[in-house]
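Colleague: The numbering used here numbers the first residue of the sequence shown as 97 and each following residue consecutively.
Here a beta-carbon is modelled for each residue, glycine too, at the ideal position from N, C-alpha and C.
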Amino acid sequence: MKKIAVIGAGSWGTALALVLADNQHDVRLWARRSEQVDEINERHTNQKYLPDVELPENIIATNDLKEAVSNTDTILLVTPTSALREILNQMKEDLEDKVTLIHASKGIEPDTLYRVSEVIEDEIPAELREAVVVLSGPSHAEEVSLRQPTTVTVSSKNHEKAEQVQDLFINPNFRVYTNPDIVGVELGGSLKNIIALGAGLSDGLGYGDNAKAALLTRGLAEIARLGTTMGAQPLTFAGLSGIGDLVVTCTSVHSRNWRAGNLLGKGNSLDEVLENMGMVVEGVRTTKAAYQLAKKEGVEMPITNELYEVLFHDKHPKEAVDSLMRRSRTHEGEDLSSLISSRYTLNEKNPE
97 MKKIAVIGAG
107 SWGTALALVL
117 ADNQHDVRLW
127 ARRSEQVDEI
137 NERHTNQKYL
147 PDVELPENII
157 ATNDLKEAVS
167 NTDTILLVTP
177 TSALREILNQ
187 MKEDLEDKVT
197 LIHASKGIEP
207 DTLYRVSEVI
217 EDEIPAELRE
227 AVVVLSGPSH
237 AEEVSLRQPT
247 TVTVSSKNHE
257 KAEQVQDLFI
267 NPNFRVYTNP
277 DIVGVELGGS
287 LKNIIALGAG
297 LSDGLGYGDN
307 AKAALLTRGL
317 AEIARLGTTM
327 GAQPLTFAGL
337 SGIGDLVVTC
347 TSVHSRNWRA
357 GNLLGKGNSL
367 DEVLENMGMV
377 VEGVRTTKAA
387 YQLAKKEGVE
397 MPITNELYEV
407 LFHDKHPKEA
417 VDSLMRRSRT
427 HEGEDLSSLI
437 SSRYTLNEKN
447 PE
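Written out as C-alpha coordinates, the structure reads:
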(Lines of atoms letter the chains of each structure in order from A and count residues from 1; the text may use other names and numbers.)
(Lines give C-alpha, C1' and ligand atoms only; values in the text may rest on other atoms or scores of the structure.)
Protein backbone atom coordinates (compact mmCIF):
# COMPACT_ATOMS: atom_id res chain seq x y z
CA MET A 1 0.00 0.00 0.00
CA LYS A 2 1.14 3.52 -0.76
CA LYS A 3 1.27 6.85 1.02
CA ILE A 4 -0.61 9.26 -1.24
CA ALA A 5 -0.93 13.02 -0.87
CA VAL A 6 -4.30 14.47 -1.88
CA ILE A 7 -4.12 18.23 -2.41
CA GLY A 8 -7.55 19.79 -2.01
CA ALA A 9 -10.19 18.85 0.56
CA GLY A 10 -13.32 19.98 -1.25
CA SER A 11 -16.05 17.50 -2.14
CA TRP A 12 -14.18 15.83 -5.01
CA GLY A 13 -10.80 15.71 -3.29
CA THR A 14 -12.39 14.22 -0.17
CA ALA A 15 -14.38 11.66 -2.18
CA LEU A 16 -11.25 10.49 -4.03
CA ALA A 17 -9.34 10.36 -0.75
CA LEU A 18 -12.09 8.06 0.52
CA VAL A 19 -11.68 5.76 -2.51
CA LEU A 20 -7.93 5.54 -1.89
CA ALA A 21 -8.47 4.95 1.82
CA ASP A 22 -10.97 2.17 1.05
CA ASN A 23 -8.15 0.57 -0.97
CA GLN A 24 -6.03 0.64 2.21
CA HIS A 25 -3.68 3.42 1.12
CA ASP A 26 -2.26 5.87 3.65
CA VAL A 27 -3.86 9.18 2.63
CA ARG A 28 -2.60 12.65 3.59
CA LEU A 29 -5.34 15.15 2.73
CA TRP A 30 -4.23 18.78 2.47
CA ALA A 31 -6.71 21.56 3.32
CA ARG A 32 -6.13 25.28 3.75
CA ARG A 33 -8.30 25.84 6.84
CA SER A 34 -7.13 24.56 10.21
CA GLU A 35 -10.72 24.10 11.43
CA GLN A 36 -11.42 21.79 8.47
CA VAL A 37 -8.26 19.82 9.27
CA ASP A 38 -9.35 19.45 12.89
CA GLU A 39 -12.81 18.27 11.88
CA ILE A 40 -11.45 15.59 9.53
CA ASN A 41 -8.92 14.31 12.06
CA GLU A 42 -11.09 14.45 15.17
CA ARG A 43 -14.60 13.73 13.88
CA HIS A 44 -13.79 12.02 10.56
CA THR A 45 -16.25 14.21 8.68
CA ASN A 46 -16.13 17.07 6.17
CA GLN A 47 -19.61 18.44 6.68
CA LYS A 48 -19.37 21.52 4.47
CA TYR A 49 -18.55 19.50 1.37
CA LEU A 50 -19.87 15.98 2.05
CA PRO A 51 -22.56 16.15 4.73
CA ASP A 52 -23.17 13.05 6.83
CA VAL A 53 -20.35 11.02 5.24
CA GLU A 54 -18.02 9.22 7.66
CA LEU A 55 -14.41 9.24 6.53
CA PRO A 56 -12.03 6.30 7.11
CA GLU A 57 -9.43 6.74 9.84
CA ASN A 58 -6.55 6.26 7.39
CA ILE A 59 -7.32 9.72 5.95
CA ILE A 60 -5.17 12.16 7.91
CA ALA A 61 -5.64 15.86 7.15
CA THR A 62 -3.02 18.58 7.36
CA ASN A 63 -2.70 22.24 6.37
CA ASP A 64 1.07 21.87 6.03
CA LEU A 65 1.82 21.31 2.34
CA LYS A 66 5.35 20.07 3.03
CA GLU A 67 4.03 17.49 5.49
CA ALA A 68 1.46 16.34 2.93
CA VAL A 69 3.91 15.74 0.07
CA SER A 70 6.95 14.48 1.96
CA ASN A 71 7.91 10.81 1.69
CA THR A 72 5.52 10.04 -1.15
CA ASP A 73 5.94 9.34 -4.84
CA THR A 74 2.27 9.95 -5.72
CA ILE A 75 0.38 13.25 -5.47
CA LEU A 76 -3.27 13.73 -6.41
CA LEU A 77 -4.20 17.34 -7.26
CA VAL A 78 -7.87 18.20 -6.78
CA THR A 79 -7.94 22.00 -6.57
CA PRO A 80 -9.79 24.68 -8.53
CA THR A 81 -7.80 25.43 -11.67
CA SER A 82 -7.58 29.09 -10.63
CA ALA A 83 -5.54 28.08 -7.56
CA LEU A 84 -3.40 25.41 -9.22
CA ARG A 85 -0.34 27.46 -10.18
CA GLU A 86 -0.03 28.97 -6.72
CA ILE A 87 -0.15 25.55 -5.08
CA LEU A 88 2.28 23.98 -7.56
CA ASN A 89 4.69 26.86 -6.96
CA GLN A 90 4.63 26.22 -3.22
CA MET A 91 4.72 22.46 -3.58
CA LYS A 92 7.73 22.16 -5.88
CA GLU A 93 9.98 23.62 -3.18
CA ASP A 94 9.15 20.61 -1.00
CA LEU A 95 9.68 17.86 -3.60
CA GLU A 96 12.89 15.89 -3.23
CA ASP A 97 12.51 13.10 -5.79
CA LYS A 98 10.41 12.40 -8.88
CA VAL A 99 6.69 12.02 -8.25
CA THR A 100 3.68 10.89 -10.24
CA LEU A 101 1.27 13.81 -10.40
CA ILE A 102 -2.37 12.82 -10.86
CA HIS A 103 -4.93 15.54 -11.41
CA ALA A 104 -8.71 15.37 -11.22
CA SER A 105 -9.38 19.05 -11.98
CA LYS A 106 -11.44 19.97 -15.04
CA GLY A 107 -10.67 23.27 -16.69
CA ILE A 108 -8.59 25.28 -19.15
CA GLU A 109 -6.46 28.21 -18.10
CA PRO A 110 -7.56 31.47 -19.78
CA ASP A 111 -4.93 33.45 -21.72
CA THR A 112 -2.28 30.68 -21.71
CA LEU A 113 -5.00 28.27 -22.95
CA TYR A 114 -3.18 25.41 -21.21
CA ARG A 115 -4.89 22.21 -20.20
CA VAL A 116 -4.31 21.25 -16.55
CA SER A 117 -1.55 18.75 -17.42
CA GLU A 118 0.24 21.52 -19.34
CA VAL A 119 0.00 23.86 -16.34
CA ILE A 120 1.56 21.12 -14.19
CA GLU A 121 4.36 20.56 -16.72
CA ASP A 122 4.92 24.32 -16.88
CA GLU A 123 5.34 24.64 -13.11
CA ILE A 124 6.98 21.38 -12.00
CA PRO A 125 10.45 20.82 -13.48
CA ALA A 126 10.94 17.68 -15.57
CA GLU A 127 13.50 16.33 -13.10
CA LEU A 128 10.76 16.21 -10.45
CA ARG A 129 8.06 14.65 -12.65
CA GLU A 130 7.78 10.90 -13.08
CA ALA A 131 4.54 11.34 -15.05
CA VAL A 132 1.39 13.44 -15.24
CA VAL A 133 -1.87 11.45 -15.20
CA VAL A 134 -5.40 12.78 -15.61
CA LEU A 135 -8.45 11.19 -13.94
CA SER A 136 -11.78 12.15 -15.51
CA GLY A 137 -15.28 10.90 -16.21
CA PRO A 138 -18.90 11.03 -14.98
CA SER A 139 -18.42 11.11 -11.23
CA HIS A 140 -20.35 13.21 -8.73
CA ALA A 141 -18.48 13.37 -5.43
CA GLU A 142 -21.74 12.95 -3.52
CA GLU A 143 -22.32 9.52 -5.10
CA VAL A 144 -18.69 8.39 -4.95
CA SER A 145 -18.61 9.17 -1.22
CA LEU A 146 -21.65 6.92 -0.73
CA ARG A 147 -19.79 4.18 -2.61
CA GLN A 148 -22.34 4.09 -5.40
CA PRO A 149 -21.17 2.51 -8.70
CA THR A 150 -18.96 4.96 -10.62
CA THR A 151 -16.77 4.56 -13.71
CA VAL A 152 -13.95 6.90 -14.77
CA THR A 153 -10.95 6.91 -17.06
CA VAL A 154 -7.27 7.76 -16.57
CA SER A 155 -4.87 8.98 -19.23
CA SER A 156 -1.19 9.85 -19.52
CA LYS A 157 1.60 10.10 -22.04
CA ASN A 158 3.16 7.33 -19.94
CA HIS A 159 0.87 4.30 -20.36
CA GLU A 160 2.63 2.27 -17.64
CA LYS A 161 1.98 5.03 -15.09
CA ALA A 162 -1.65 5.31 -16.22
CA GLU A 163 -2.08 1.61 -15.46
CA GLN A 164 -0.43 2.04 -12.05
CA VAL A 165 -2.88 4.85 -11.24
CA GLN A 166 -5.71 2.62 -12.47
CA ASP A 167 -4.61 0.02 -9.91
CA LEU A 168 -4.48 2.64 -7.12
CA PHE A 169 -8.15 3.56 -7.51
CA ILE A 170 -10.01 0.58 -8.92
CA ASN A 171 -12.33 -1.30 -6.56
CA PRO A 172 -15.81 -2.89 -6.72
CA ASN A 173 -17.50 0.52 -6.45
CA PHE A 174 -15.07 2.59 -8.53
CA ARG A 175 -14.20 1.13 -11.92
CA VAL A 176 -11.28 2.70 -13.81
CA TYR A 177 -10.44 2.43 -17.51
CA THR A 178 -7.34 3.71 -19.30
CA ASN A 179 -7.35 5.87 -22.44
CA PRO A 180 -4.14 6.99 -24.20
CA ASP A 181 -5.73 10.20 -25.55
CA ILE A 182 -4.80 12.70 -22.83
CA VAL A 183 -5.77 15.70 -24.99
CA GLY A 184 -9.27 14.37 -25.59
CA VAL A 185 -9.78 13.21 -22.01
CA GLU A 186 -8.83 16.62 -20.60
CA LEU A 187 -10.78 18.65 -23.15
CA GLY A 188 -13.90 16.51 -22.80
CA GLY A 189 -13.88 16.86 -19.03
CA SER A 190 -13.31 20.61 -19.21
CA LEU A 191 -15.57 21.70 -22.05
CA LYS A 192 -18.63 19.79 -20.82
CA ASN A 193 -18.83 22.32 -17.96
CA ILE A 194 -19.70 25.01 -20.52
CA ILE A 195 -22.55 22.94 -21.92
CA ALA A 196 -23.74 22.19 -18.36
CA LEU A 197 -24.01 25.93 -17.75
CA GLY A 198 -26.13 26.11 -20.90
CA ALA A 199 -28.30 23.19 -19.78
CA GLY A 200 -28.97 24.85 -16.44
CA LEU A 201 -29.71 28.13 -18.18
CA SER A 202 -32.20 26.37 -20.47
CA ASP A 203 -33.95 24.82 -17.48
CA GLY A 204 -33.95 28.15 -15.67
CA LEU A 205 -35.69 29.75 -18.65
CA GLY A 206 -38.38 27.07 -18.43
CA TYR A 207 -37.52 25.21 -21.62
CA GLY A 208 -38.17 21.48 -21.83
CA ASP A 209 -36.50 18.23 -22.78
CA ASN A 210 -36.39 19.05 -26.51
CA ALA A 211 -34.18 22.06 -25.85
CA LYS A 212 -31.90 20.16 -23.48
CA ALA A 213 -31.48 17.25 -25.89
CA ALA A 214 -30.53 19.67 -28.66
CA LEU A 215 -28.11 21.48 -26.37
CA LEU A 216 -26.32 18.30 -25.31
CA THR A 217 -26.11 16.99 -28.87
CA ARG A 218 -24.88 20.19 -30.45
CA GLY A 219 -22.69 20.86 -27.43
CA LEU A 220 -20.95 17.52 -27.94
CA ALA A 221 -20.41 18.48 -31.58
CA GLU A 222 -18.67 21.69 -30.44
CA ILE A 223 -16.48 19.80 -28.00
CA ALA A 224 -15.51 17.26 -30.67
CA ARG A 225 -14.80 19.99 -33.25
CA LEU A 226 -12.41 21.83 -31.00
CA GLY A 227 -10.88 18.67 -29.56
CA THR A 228 -10.26 17.05 -32.94
CA THR A 229 -8.68 20.26 -34.23
CA MET A 230 -6.31 20.21 -31.24
CA GLY A 231 -5.24 16.61 -31.87
CA ALA A 232 -7.72 14.56 -29.83
CA GLN A 233 -9.12 11.27 -31.09
CA PRO A 234 -12.80 11.66 -32.15
CA LEU A 235 -13.89 8.44 -30.40
CA THR A 236 -12.74 9.79 -27.03
CA PHE A 237 -15.75 12.10 -27.05
CA ALA A 238 -18.06 9.10 -27.32
CA GLY A 239 -16.55 7.74 -24.11
CA LEU A 240 -16.62 8.38 -20.37
CA SER A 241 -14.83 11.73 -20.44
CA GLY A 242 -16.97 12.86 -23.39
CA ILE A 243 -20.63 11.98 -23.59
CA GLY A 244 -20.55 10.23 -20.20
CA ASP A 245 -19.37 13.30 -18.30
CA LEU A 246 -21.53 15.57 -20.46
CA VAL A 247 -24.74 13.72 -19.61
CA VAL A 248 -24.13 13.52 -15.87
CA THR A 249 -23.09 17.17 -15.56
CA CYS A 250 -25.94 18.54 -17.67
CA THR A 251 -28.76 16.58 -16.05
CA SER A 252 -28.02 16.45 -12.32
CA VAL A 253 -28.77 18.85 -9.49
CA HIS A 254 -25.42 17.76 -8.00
CA SER A 255 -23.71 19.71 -10.79
CA ARG A 256 -22.43 23.15 -9.75
CA ASN A 257 -22.31 24.24 -13.36
CA TRP A 258 -25.93 23.20 -13.97
CA ARG A 259 -27.02 25.02 -10.79
CA ALA A 260 -25.13 28.16 -11.78
CA GLY A 261 -26.70 28.15 -15.24
CA ASN A 262 -30.12 27.56 -13.71
CA LEU A 263 -29.76 30.66 -11.54
CA LEU A 264 -28.64 32.69 -14.56
CA GLY A 265 -31.67 31.52 -16.51
CA LYS A 266 -33.90 32.66 -13.65
CA GLY A 267 -32.58 36.20 -13.92
CA ASN A 268 -29.67 36.36 -11.46
CA SER A 269 -26.50 38.21 -12.41
CA LEU A 270 -23.20 36.34 -12.61
CA ASP A 271 -21.96 38.02 -9.42
CA GLU A 272 -25.14 36.99 -7.60
CA VAL A 273 -24.80 33.43 -8.88
CA LEU A 274 -21.19 33.03 -7.77
CA GLU A 275 -21.94 34.52 -4.35
CA ASN A 276 -24.94 32.22 -3.96
CA MET A 277 -22.97 29.11 -4.97
CA GLY A 278 -20.19 29.60 -2.43
CA MET A 279 -17.98 27.19 -4.38
CA VAL A 280 -15.94 27.41 -7.58
CA VAL A 281 -17.91 27.08 -10.84
CA GLU A 282 -15.24 25.89 -13.29
CA GLY A 283 -17.48 26.37 -16.33
CA VAL A 284 -17.35 30.17 -16.02
CA ARG A 285 -13.56 30.35 -16.31
CA THR A 286 -13.50 27.60 -18.93
CA THR A 287 -16.04 29.46 -21.09
CA LYS A 288 -13.60 32.35 -21.38
CA ALA A 289 -10.71 30.01 -22.21
CA ALA A 290 -12.74 28.02 -24.76
CA TYR A 291 -13.91 31.23 -26.42
CA GLN A 292 -10.26 32.26 -26.78
CA LEU A 293 -9.26 28.80 -28.01
CA ALA A 294 -12.01 28.74 -30.63
CA LYS A 295 -10.84 32.09 -32.00
CA LYS A 296 -7.22 30.94 -32.04
CA GLU A 297 -7.99 27.61 -33.75
CA GLY A 298 -10.64 28.99 -36.12
CA VAL A 299 -13.29 26.58 -34.80
CA GLU A 300 -16.97 27.47 -34.78
CA MET A 301 -18.49 27.12 -31.29
CA PRO A 302 -21.84 28.96 -31.30
CA ILE A 303 -23.07 27.70 -27.91
CA THR A 304 -19.80 28.70 -26.26
CA ASN A 305 -19.90 32.08 -27.98
CA GLU A 306 -23.41 32.83 -26.74
CA LEU A 307 -22.60 31.74 -23.19
CA TYR A 308 -19.53 33.97 -23.28
CA GLU A 309 -21.78 36.91 -24.17
CA VAL A 310 -24.19 36.04 -21.34
CA LEU A 311 -21.45 35.64 -18.74
CA PHE A 312 -19.14 38.49 -19.65
CA HIS A 313 -21.18 40.99 -21.70
CA ASP A 314 -24.55 40.81 -19.90
CA LYS A 315 -26.46 39.43 -22.86
CA HIS A 316 -29.92 38.27 -21.78
CA PRO A 317 -30.16 34.44 -21.75
CA LYS A 318 -33.35 34.52 -23.85
CA GLU A 319 -31.57 36.59 -26.52
CA ALA A 320 -28.72 34.05 -26.56
CA VAL A 321 -31.18 31.21 -27.21
CA ASP A 322 -32.88 33.23 -29.95
CA SER A 323 -29.49 33.88 -31.59
CA LEU A 324 -28.75 30.14 -31.66
CA MET A 325 -32.14 29.29 -33.13
CA ARG A 326 -31.77 31.90 -35.90
CA ARG A 327 -28.40 30.65 -37.14
CA SER A 328 -28.05 29.88 -40.84
CA ARG A 329 -29.11 26.39 -41.84
CA THR A 330 -26.40 23.74 -42.15
CA HIS A 331 -25.88 19.98 -42.42
CA GLU A 332 -25.74 18.38 -38.98
CA GLY A 333 -22.37 16.64 -39.32
CA GLU A 334 -20.57 18.37 -42.17
CA ASP A 335 -18.00 20.38 -40.20
CA LEU A 336 -16.98 17.49 -37.90
CA SER A 337 -16.91 15.04 -40.82
CA SER A 338 -14.62 17.43 -42.66
CA LEU A 339 -12.27 17.68 -39.66
CA ILE A 340 -12.10 13.91 -39.20
CA SER A 341 -11.55 13.36 -42.92
CA SER A 342 -8.72 15.87 -43.06
CA ARG A 343 -7.19 14.36 -39.91
CA TYR A 344 -7.10 10.85 -41.36
CA THR A 345 -5.77 12.15 -44.69
CA LEU A 346 -2.96 13.85 -42.79
CA ASN A 347 -2.21 10.65 -40.86
CA GLU A 348 -2.04 8.64 -44.07
CA LYS A 349 0.45 11.12 -45.55
CA ASN A 350 2.54 11.18 -42.35
CA PRO A 351 2.38 7.70 -40.77
CA GLU A 352 4.26 7.26 -37.50
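1. Is the beta carbon of Ala-258 sitting closer than 8 Å to the one on Val-250?
2. For Ile-339, which three-state DSSP category applies?
3. What does DSSP give as the partner residues of Thr-170 in its beta bridges?
4. Take Glu-402 as the anchor and find which of Ala-385, Ala-390 and Leu-420 has the nearest alpha-carbon.
5. In chain order, what are the residue ranges of uninterrupted alpha helix (DSSP H) at least 4 long that sit wholly in the region 233-296?
6. Any chance you could list the beta strand (DSSP E) runs of at least 3 consecutive residues sitting entirely within the region 118-152, in chain order?
7. List the endpoints of the continuous alpha helix (DSSP H) containing Ile-399.
8. When the Cα of Glu-453 is compared with those of Tyr-387, Pro-245 and Gln-132, which residue comes out closest?
9. Can you list, in chain order, the residues of its chain whose CB lies under 8 Å from that of Lys-384, leaving out five sequence neighbours each side?
10. Less than 8 Å between the C-beta atoms of Leu-297 and Leu-342, yes or no?
11. Starting from Thr-158, trace the beta strand (DSSP E) in both directions and tell me its first and last residue.
12. On the CB-based measure, 16 or more other CB atoms within 10 Å of its CB, does Gly-357 come out buried or exposed?
13. Closest to Leu-172 by C-alpha separation, out of Met-375, Gln-244, Leu-197 and Ile-156, would be which residue?
14. Under a Cβ-count criterion, where at least 16 other Cβ atoms within 10 Å of its own Cβ denotes burial, should Gln-120 be classed as buried or exposed?
15. So the candidates are Asn-159, Gly-302 and Asp-410; which of them puts its Cα closest to the Cα of Leu-366?
16. What's the C-alpha gap between Pro-147 and Thr-141?
17. If you run the structure through DSSP and keep just helix, strand and coil, what is Arg-352?
18. Can you give the Cα-Cα distance for Gly-285 and Thr-347, rounded to whole angstroms?
19. Could you tell me the alpha carbon to alpha carbon distance between Thr-144 and Gly-394, rounded to whole angstroms?
20. Measuring only the C-alpha atoms, how far is Glu-368 from Ala-127?
21. Compute the distance between the beta-carbons of Glu-282 and Thr-400, then report whether it is under 8 Å.
22. Under 8 Å: do the region 305-317 and the region 348-355 share three or more Cβ pairs, one atom per stretch?
23. Out of curiosity, what's the CA-to-CA distance linking Asp-134 and Asn-154?
24. If distances are taken between C-alpha atoms only, which option among Met-187, Glu-378, Leu-322 and Asn-159 comes closest to Ile-136?
25. Note down, in chain order, each residue of its chain lying with its Cβ closer than 6 Å to the Cβ of Ala-101, except the 5 sequence neighbours on either side.
26. Which first and last residues belong to the beta strand (DSSP E) in which Lys-99 is found?
27. For Val-380, which residues from the same chain have a beta carbon less than 8 Å from its beta carbon, with the 5 sequence-adjacent residues on both sides left out?
Modeller: Answer, in terms of the structure:
1. yes
2. helix
3. Thr-196
4. Leu-420
5. 237-241 and 255-265
6. 122-126
7. 398-409
8. Given that the chain is displayed from residue 97 to residue 448, the structure contains no residue 453 and the question cannot be resolved.
9. Pro-206, Tyr-404, Leu-407 and Phe-408
10. no
11. 155-158
12. buried
13. Leu-197
14. exposed
15. Asp-410
16. 8 Å
17. helix
18. 15 Å
19. Sequence inspection shows Lys at residue 144; the Thr mentioned does not correspond to that position. Each residue's alpha carbon lies about 42 Å from the other.
20. 26 Å
21. no
22. no
23. 15 Å
24. Asn-159
25. Arg-124, Ala-164, Val-165, Thr-168 and Ile-171
26. 99-103
27. Leu-293, Ala-356, Leu-366, Leu-370 and Leu-407
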